[in-house]
Every structure is written in C-alpha cells, then in structure tokens.
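Novice: Residue numbers (this note's numbering), protein chains in the order written: chain G, 31 to 361; chain H, 31 to 361.
Virtual Cβ for every residue (Gly too), placed ideally from N, Cα, C.
First, the structure itself, so that you have it in front of you.
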DNA sequence: AGGGCGGGTGATAACGTTACCCAGCATGGC
DNA sequence: GCCATGCTGGGTAACGTTATCACCCGCCCT
C-alpha cells in the first residue's frame with residue numbers, strides 16, 4: 031500500500047480510504063490511486079486488514095461431513111448463495127464424519143477469525159462449538175442437532191419423513207421391512223429410525239431386529255449389508271433406506287443380482303428412500319422418495335447466521351424444522 | 031496472547047515460542063503456558079500471524095466450477111487429502127462456470143495470502159492467473175488448461191477417451207452417433223469433441239452436424255437436448271455423452287420415454303459416457319464408460335503445487351496427462 | 001471582516017504476532 | 001577462580017492496515 035501511495039503521490043491513508051469506498055477523497059485523486067493500484071498489480075492484504083479492531087474477516091466457516099456427497103455439495107451451494115448476498119465468503123471444510131477433524135477444523139476457522147460457523151455436526155460432544163459461541167462467534171447447526179449446544183439449528187422432519195415412508199410400505203402390504211441407515215448415535219439416524227419404529231407400532235407390526243441394520247456411512251458398506259439382507263432365508267419384501275448412501279448401495283446390489291439372474295425381478299424388495307438422488311427416476315424397484323431440498327437447507331442455515339451477524343446477536347436460539355415430502359415414484 | 035502471558039506469569043514471547051513448538055522454553059514453563067491457554071480458551075490469531083514476514087498462511091486456494099457435482103467434490107477431496115499431509119488447509123470456492131466469479135475468487139484468495147492456487151479454470155482469459163504466478167503464488171490448472179498461462183497442469187486424456195468411446199460405438203455398427211457435451215470453448219469440450227471427430231474420420235464415417243450438440247452444462251439442459259435428438263425424424267442409434275451431466279440428462283430422458291411407452295426399449299440409443307457416475311450400473315442402455323479417477327486428479331494437482339512450494343519453485347511448468355480407461359458395461 | 005464549519009488529506013498509533021538482539025544464569029574447562 | 005558457552009527468557013520493532021485526531025483550506029453566515 032505504501033508503494034501505491036508513493037506511486038500516486040499520496041499518503042497510504044488516502045489509498046486505504048479510496049479502496050474502502052472513497053468517502054472524503056476527491057474524485058480525481060481516487061482515479062489516480064486506482065490507476066496506480068492497477069499499474070502495480072496491488073491487492074489488499076485481507077489478513078492484515080482483519081486484525082484491526084472493528085474489522086471483520088467477511089468469512090463464514092462451513093463444515094460438512096462429506097464433500098463428495100452431492101447432497102452436501104448442494105447444501106454448501108445454498109449457503110454460499112445466501113452468504114454472498116452480504117458480500118461475505120465461505121471457507122469450506124470436510125470433516126469426513128470424524129469428530130477430531132471437526133474440532134481441528136473449528137479451531138482453525140476461529141483462528142482465521144471467521145464471523146460465524148455453519149456446521150453439520152459429527153457424532154461428538156460439542157464443547158468446541160459451545161466455546162465458539164462463548165467467544166462471540168455464532169454457530170448454526172444444520173441437518174443435525176447436538177445436545178448441550180445452545181445454537182440455532184435447521185433440521186429436517188426426519189421422524190415424520192421416515193414415518194410416512196415406512197407407512198407407505200406397510201400400507202402396500204409389506205410386513206417384513208428392513209431398515210438401512212446411519213448409526214443411531216447420529217442425530218438423523220436416531221430420528222429416522224424412530225419414525226420407522228413409530229409407523230410399525232401404529233400398524234401393530236413388530237420390527238424384526240434382524241432386518242434393522244443401522245451403521246452404514248458409505249455406499250460400499252450399504253451394498254454389503256444389502257447383500258446380507260437378500261441372503262437371509264426369509265428376506266425382506268420392502269426396505270426403507272434412511273439416506274441416499276444406503277439407497278444407492280441397496281439399489282446397486284439389487285440391480286446386480288437381477289442382472290446376474292441371482293434374483294428374480296418380481297421378487298426384488300420394494301424400496302423407499304429418504305433423500306432424493308440423481309437418476310432416482312431410473313431405479314426400477316423404488317416406490318417412493320422422501321424429498322427435501324438441501325439447497326434450501328443451506329439457505330435457511332445461512333439466513334439464521336446472517337440474522338445474528340447483521341441483526342440481533344442476542345436473541346435466543348431458534349430451531350427450524352423443514353418439511354419433507356413423500357413422493358410416490360412411478361414403477 | 032498478552033492475557034495468556036500475564037496469566038502464566040511470562041512474556042508474550044514465551045507464549046509465542048511455546049505455541050510454535052517450544053524450542054528454548056523450559057518444560058515446566060511450557061506446561062504452565064499451555065495450562066493458561068487451556069484455561070482462558072485462547073487460540074492464536076492466524077491472520078495476525080500471517081502478516082509477519084517469513085510466515086505462511088498454510089492455505090491453498092481451490093476453485094472448482096460446480097460444487098454440487100460429485101465429480102468435483104471428489105476432486106477437492108483428493109486435493110485436501112494430499113495438502114493435509116503437509117499441515118496445510120484448503121479454502122474452497124465455487125465459480126459456477128463463471129469467469130467473473132473466478133476472477134473475484136482468485137483475487138480474494140490472493141488477498142488472504144494463500145500459498146498457492148489449484149484452479150479448474152472456466153472459459154475466460156487467464157490474466158488473473160498469470161498475475162498470481164507473477165506475484166509468486168504458484169498456480170496449478172486441473173482438468174483444463176488455459177492458453178497463455180504458463181502453469182503446471184493435470185488433465186485427462188480427453189481426446190483419447192472420446193476417441194475410444196466413439197470407436198466402440200462405431201465398431202458396434204452405429205453410424206448415426208450423437209455428441210452431447212460442453213461447449214467447444216471449454217478445453218475439455220474441445221478435446222473430447224476432437225476425439226469424437228477423429229474416430230469418425232478413422233472409420234470414414236461423416237459426422238452429422240445435426241447430431242453434434244455441444245453447450246450443455248447441467249442436467250436439465252442436457253435432458254432437453256436429448257429430447258430434441260429423440261424427436262428427430264431419424265434419431266441417432268448411439269450417443270456419446272462427453273461428461274456425466276450430459277449422461278445423466280440423456281439417461282433420464284430415455285428412461286422416462288421408455289416408461290411412458292413413447293419409446294421402445296429396443297429402439298433406445300446406445301450410450302457411452304465420459305466420466306463415471308453413481309448408479310451407472312443400473313442404467314440399461316449404457317454400453318460403456320470412460321473411467322478416470324477424480325480423486326487421483328486432485329492428488330496429482332496438489333502434489334504438483336506442493337513440489338513447487340516445498341521443493342523447487344523455479345522449475346519450468348509441468349504438464350501431466352492422466353490416462354482414462356474405457357470400461358464396457360454389462361447390458 | 002471574522003469566525004465557524006465541513007470536506008479533504010496526512011501523521012500517528014494500534015491491532016496480534018514473531019524475528020532479532022540482548023541479558024541473565026548455570027555449566028564446564030582451564 | 002575466571003572466562004567461554006549454551007540455554008532460557010524478555011524487550012523492541014516491524015509486518016500491512018485503518019481509526020482517530022489534527023491540520024489546512026475554502027466557503028458561508030453574520
């Protein structure tokens with residue numbers, strides 16, 4: 031900045047003022063400064079800028095659990111979209127569903143003086159999140175809540191969606207329905223399983239514990255577990271897949287078997303999936319999808335955060351539950 | 031840091047030294063300092079740290095064109111993986127295939143003093159990238175190259191893959207083969223189209239310009255264009271989809287029509303796709319996939335950059351071409 | 001004509017951190 | 001016992017930026 035100032039024949043202060051919007055700088059001086067900036071290829075050091083009191087970094091830290099999952103990619107897109115409207119930027123980190131990495135990431139975000147955090151929390155305690163709040167850096171939890179962390183949150187109607195999905199299978203006459211999903215220690219896993227159980231209870235059908243298989247985080251393990259289900263002496267006639275990773279795994283396994291002739295297409299279990307996913311149209315045995323909008327989830331999370339940053343910082347925590355929608359799919 | 035120093039009864043310098051690794055600080059003093067850090071919930075201001083001469087930010091800027099595309103998500107995963115091994119972190123931005131946003135993003139990255147950039151460039155001139163290099167911030171281009179920017183790059187064997195894919199269709203007897211892909215102004219679009227044309231030339235088959243349809247960036251527009259192809263008086267018998275967005279669009283349209291009875295399954299065109307994608311196993315009319323590994327692409331890009339950062343900064347630009355592999359899919 | 005006022009500009013200090021230099025102290029060799 | 005040496009710790013200044021204050025100038029009001 032000093033170089034630019036010298037080049038334009040003004041003081042660094044005038045350069046700073048010009049770059050900050052140009053209040054109280056004569057137009058012709060501004061132009062001279064901007065020309066020097068251009069000529070020297072100068073760009074402001076945002077890090078130095080941010081250490082001055084009263085200055086903000088303009089950064090929002092976003093931590094998601096799986097960057098390769100398009101669901102979370104779309105979520106991040108929604109956050110970015112909303113955050114960009116206020117001139118801020120996101121800095122995105124991947125926790126890979128690992129609590130230690132989440133802590134590291136949050137620590138690092140705070141070190142870079144983010145204005146706020148949007149976190150899809152992993153399955154750990156939230157002391158680092160609570161601390162962030164205490165430091166005056168607001169936190170919004172997305173998709174999952176964390177016990178003991180008094181932060182804004184946006185989640186889906188997990189139980190309601192799972193209930194509706196399971197009910198659809200029950201009403202279609204299925205009595206042996208399997209559950210594929212996350213471990214119950216994860217918020218969404220717990221809630222979706224609860225919905226699954228509630229629907230069974232409502233219809234007076236007992237849940238067969240051999241068919242309730244939580245714990246799969248990725249497609250490969252979901253496929254493996256689906257194979258075990260199909261190999262049972264009395265396989266399920268319907269499967270509720272509690273997230274798109276599990277759906278893709280199950281679909282892959284079923285399709286392979288049908289193609290190989292190991293499984294009769296007519297005998298393939300009916301699927302209902304929580305989460306939409308690409309090419310869901312193409313899947314033959316899928317009878318329903320619990321739809322929701324990850325982009326909207328991101329937008330709402332961002333708006334909660336921005337409200338706190340630009341509006342009232344001291345309001346009490348708000349919890350938003352987004353509706354989901356069961357769409358029967360043509361077969 | 032001053033507070034921590036006071037609390038521990040030492041000078042800020044000793045706190046700094048302890049946090050930097052503790053050389054020349056007595057173990058008992060270190061412990062006292064760390065206890066104070068813990069107690070006060072202190073975390074170092076990385077921005078302030080980075081403005082000192084000789085200090086690096088530990089940040090790598092990564093700009094991708096579409097964060098919601100799992101292909102680029104996986105790419106980012108590969109970059110992060112490799113970069114994390116050196117204790118660095120990535121800061122991820124989405125350009126949405128928009129040159130102006132890419133420029134903004136790069137400018138912002140430089141302002142935050144990233145150590146290097148990994149960019150999947152959009153279809154613009156690369157002056158901002160060239161400038162970054164001039165400023166001493168190395169750039170690695172991934173997936174696409176930019177004319178006039180003398181930077182390291184990792185790209186796929188686009189032409190080779192497209193050639194093999196098209197050749198597979200030609201050898202299966204197809205003579206009316208459509209092309210769905212990016213605009214030719216995008217590097218990969220150009221190269222893949224060239225491979226498409228080269229295969230035709232090799233076999234002495236003329237490319238029907240009504241069937242060569244570049245320009246689709248997303249699934250919706252690809253689906254729309256696929257519909258137009260199917261509505262032709264003489265529709266193609268085979269389609270080469272030059273990227274996964276176009277494949278998903280074409281597959282969706284074909285499947286819908288078959289299901290509606292508007293298209294006879296036997297008459298559906300055979301597809302070959304550049305890029306693998308989820309559930310590719312399930313798609314009936316897909317006869318081949320040009321596979322490659324986005325994660326490896328990310329890793330290699332990261333390694334090129336790290337080589338320059340931790341190794342020889344002045345070596346001349348290196349260009350890596352990753353092989354692709356045509357996998358015939360069971361039908 | 002004099003004083004106040006407001007816009008334009010510059011000097012200074014401070015943000016939080018660490019490189020560099022220097023001082024104190026214990027140790028060891030003679 | 002004396003000096004060189006090495007380890008430990010503190011003081012100072014500087015990184016690049018901007019808030020604050022001070023100053024100068026021209027204008028308007030009385």
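(1) Output the residue ranges of the beta strand (DSSP E) runs that lie fully inside the segment 229-290 of chain G and measure 3 residues or longer, sorted by chain position.
(2) Whose C-alpha, out of 170(H), 195(H) and 178(H), is nearest the C-alpha of residue 184(H)?
(3) Tell me the start and end of each unbroken beta strand (DSSP E) in the segment 116-175 of chain G that is at least 3 residues and wholly inside, in chain order.
(4) Do residue 124(H) and residue 90(H) have their beta-carbon atoms positioned less than 8 angstroms apart in this structure?
(5) Our contact map puts residue 152(G) next to residue 177(G) with C-beta atoms below 8 angstroms; I'd like the distance itself, whole angstroms only.
(6) Tell me the rounded alpha-carbon separation between residue 157(G) and residue 308(H).
(7) Taking a contact to mean a Cβ-Cβ separation below 8 angstroms, would you say residue 194(H) touches residue 356(H) in this structure?
(8) Against chain H, which members of the segment 104-122 of chain G pass a CB distance test of less than 7 angstroms?
(9) From residue 223(G) to residue 92(G), what does the alpha carbon distance come to, in whole angstroms?
(10) Count the C-beta pairs between the segment 292-306 of chain H and the segment 240-249 of chain H that are closer than 8 angstroms, then say yes if the count reaches three, no if not.
(11) Classify residue 9(G) as buried or exposed, calling it buried when 16 or more other Cβ atoms lie within 10 Å of its own Cβ.
(12) Please state if the CB of residue 182(G) and the CB of residue 351(G) are separated by a distance shorter than 8 angstroms.
(13) Residue 322(G) versus chain H: which residues are under 7 angstroms apart at the beta carbon?
(14) Rounded to the nearest angstrom, what separates residue 379(G) and residue 218(G) at their Cα positions?
(15) Is residue 286(G) close to chain H, meaning its C-beta is less than 8 angstroms from at least one C-beta of that chain?
(16) Note down, one range per segment and in chain order, each beta strand (DSSP E) of at least 3 residues found wholly within the segment 312-352 of chain H.
(17) Hey, is residue 292(G)'s beta-carbon within less than 8 angstroms of any beta-carbon in chain H?
(18) Note down, in chain order, every chain G residue with its Cβ under 8 angstroms from the Cβ of residue 282(H).
(19) Tell me which residue opens and which closes the alpha helix (DSSP H) that residue 35(G) is part of.
(20) For the beta strand (DSSP E) that residue 302(G) lies in, which residues bound it at each end?
(21) I'd like to know if the segment 267-286 of chain G and the segment 232-241 of chain H are in contact, where contact means that at least 3 CB-CB pairs between them fall below 8 angstroms.
(22) Helix, strand or coil, according to DSSP, for residue 72(H) in the structure here?
(23) Go ahead and pull the three-state DSSP assignment for residue 183(G).
(24) Just the chain H side, please: which residues come within less than 8 angstroms of residue 100(G) by C-beta, in chain order?
(25) So, under 8 angstroms CB-CB, residue 148(H) and residue 332(H) are touching, yes? Tell me the CB distance rounded to an integer number of Å.
(26) Comparing C-alpha positions only, which one of 44(H), 88(H) and 100(H) sits nearest to residue 328(H)?
(27) If you measure from the beta carbon of residue 69(H) to each beta carbon in chain G, is any gap under 8 angstroms?
(28) Only counting the same chain, and skipping five residues up and downstream in sequence, which positions put a Cβ closer than 6 angstroms to that of residue 353(G)?
(29) Could you give the residue range of the alpha helix (DSSP H) that holds residue 113(H)?
(30) Please list, in chain order, all residues of the same chain as residue 338(G) whose beta carbon is under 6 angstroms from its beta carbon, the five residues on each side excluded.
Specialist: Taking the definition as stated:
(1) 242-244 and 268-271
(2) 170(H)
(3) 119-124, 146-149 and 169-172
(4) no
(5) Contact doesn't hold; Cβ gap of about 13 angstroms is too wide.
(6) 36 angstroms
(7) yes
(8) 104, 106, 107, 110, 119, 121 and 122
(9) 27 angstroms
(10) no
(11) Since the first residue of chain G shown is 31 and the last is 361, residue 9(G) is not available in this structure.
(12) no
(13) The contacting residues do not exist; residue 322(G) stays about 15 angstroms from chain H at best.
(14) Residue coverage of chain G in this structure runs from 31 to 361, which leaves residue 379(G) outside it and unanswerable.
(15) yes
(16) 316-321 and 349-352
(17) no
(18) 309, 311 and 312
(19) 32-38
(20) 300-304
(21) no
(22) coil
(23) strand
(24) 98, 99, 100 and 103
(25) 7 angstroms
(26) 100(H)
(27) no
(28) 187
(29) 100-114
(30) 168
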